[in-house]
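S.K.:
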Amino acid sequence: MSNRRLTPRITAPRSGVGLASGFELASRGKSNASNIDSALQRNRVFAAAGGHQGAVVFPKLRLFVITCLDPRVDPAHFLGLGLGDAMVVRNVGGRVTPEVINDVAFIGQLAESVLPDGPLFEVAVIHHTQCGTGALADDTFRRRYAERIGADESTLLEHAVLDPAGTVTRDVERLHSAPAIAPRVTVSGHVYDVVTGLVETVIPAGRRGDRIAAVPLRP
Ligand SMILES: [Zn+2]
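Using this note's numbering, read the sequence shown as starting at 1143 and increasing by one per residue.
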């Protein structure tokens, strides 16, 4: 076992919605390869049981999920996704970054080549309560991180998911307004509550243009 351990430190929420989570190393130590060992044992069981057989490339649910990399927020669990059901992109906060827009555009172009008409697939953006990106609202943390990655501090503050319904609304609008994304792609926005385990829809699925008038644009 590794002696390197992450201990989450949850700060007191300032509202009903879960807020900034902080993370710090409880102790320093050498990292080793053992962290993957138990997962590899599960892989052997998976392969022996034929869990990989019959999986298809184009997702059975025609669904593309964008959500946070928080281990509590695994769509295979809270959405019950099986192998081949959906494409999933996870990053810090589940935010729609330029890289994520390019990923959706790529899949859209592939889908256009096999589906000449009709809807291609739905992109579901799912933000969650108690998101660790709340750490970016802390001035000291944000300043250090900005220096570390060479980013603009104000941009990083905007990345924090403090109000998941608000940030998911903005990210849905980002997808709707991205010219690289095929118009036949629909987009929806949701919030996953890590306390109740429930997903609530904030923006129902729609195509580009459907929401422009309904969703206020924020900088
Ligand atoms: Zn998160």
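Idealized CB from N, CA, C, for every residue including glycine.
Could you check what DSSP says for Ile-1323 in three-state terms: helix, strand or coil?
M.R.: Looking at Ile-1323 - three-state DSSP - the assignment turns out to be coil, as it is neither helix nor strand.
S.K.: From the DSSP secondary-structure annotation, give me the bridge partner or partners of Ala-1189.
M.R.: Looking at the DSSP assignment, Ala-1189 forms no beta bridge with any residue, so it has no partner.
S.K.: Is it a yes or a no for the region 1304 to 1311 touching the region 1239 to 1253, going by three-plus beta-carbon pairs under 8 Å?
M.R.: No, because fewer than three Cβ pairs between the region 1304 to 1311 and the region 1239 to 1253 fall closer than 8 Å, the two stretches do not touch.
S.K.: With burial defined as no fewer than 16 other Cβ atoms inside 10 Å of the residue's Cβ, what is the status of Phe-1206: buried or exposed?
M.R.: By the 10 Å Cβ count, Phe-1206 comes out buried.
S.K.: Give every residue of the same chain whose Cβ lies closer than 6 Å to the Cβ of Glu-1342, excluding the five residues on either side of it in the sequence, and list them in chain order.
M.R.: Closer than 6 Å at the Cβ level, and outside the excluded window around Glu-1342, lie Val-1333.
S.K.: Name the DSSP beta bridge partners of Thr-1343, please?
M.R.: DSSP lists His-1332 as partners of Thr-1343.
S.K.: Evaluate Thr-1149 with the Cβ neighbour count: other Cβ atoms within 10 Å of its Cβ, from every protein chain shown; 16 or more gives buried, anything less gives exposed.
M.R.: Any reading at Thr-1149 must be qualified, since the residue scores a pLDDT of 37, below 50, and its modelled position is unreliable; no value is offered.
S.K.: In chain order, what residues of the same chain lie with their CB nearer than 7 Å to the CB of Gly-1250, ignoring the 5 residues before and after it?
M.R.: Once the five neighbours on either side are set aside, the close Cβ partners of Gly-1250 are Leu-1262, Ile-1323, Ala-1324 and Val-1327.
S.K.: Beta-carbon within less than 8 Å of Asp-1245's beta-carbon, same chain only, minus the 5 sequence neighbours each way: which residues are those?
M.R.: Result list for Asp-1245: Val-1231, in chain order.
S.K.: Which residues mark the beginning and the end of the beta strand (DSSP E) in which Val-1230 is found?
M.R.: It spans 1228 to 1233 - the beta strand (DSSP E) in which Val-1230 sits, taken as one unbroken run.
S.K.: Given this structure, state the Cα-to-Cα distance separating Leu-1223 from Cys-1273, to the nearest angstrom.
M.R.: Leu-1223 and Cys-1273: Cα-Cα distance of roughly 22 Å.
S.K.: How should Ile-1178 be labelled, buried or exposed, when 16 other C-beta atoms within 10 angstroms of its C-beta is the threshold for buried?
M.R.: Ile-1178 should be labelled exposed.
S.K.: Which residues bound the alpha helix (DSSP H) around Val-1337?
M.R.: Where Val-1337 is concerned, there is no enclosing alpha helix (DSSP H), given that its DSSP letter is neither H nor E.
S.K.: Who are the near neighbours of Pro-1201 in its chain, counting only those whose CB is closer than 8 Å to its CB and skipping five residues on each side?
M.R.: Only Gly-1226, Asp-1227, Ala-1228, Met-1229 and Phe-1263 meet the Cβ criterion.
S.K.: Tell whether a beta-carbon distance below 7 Å holds between Val-1336 and Thr-1275.
M.R.: In this structure, Thr-1275 does not lie closer than 7 Å to Val-1336 by Cβ.
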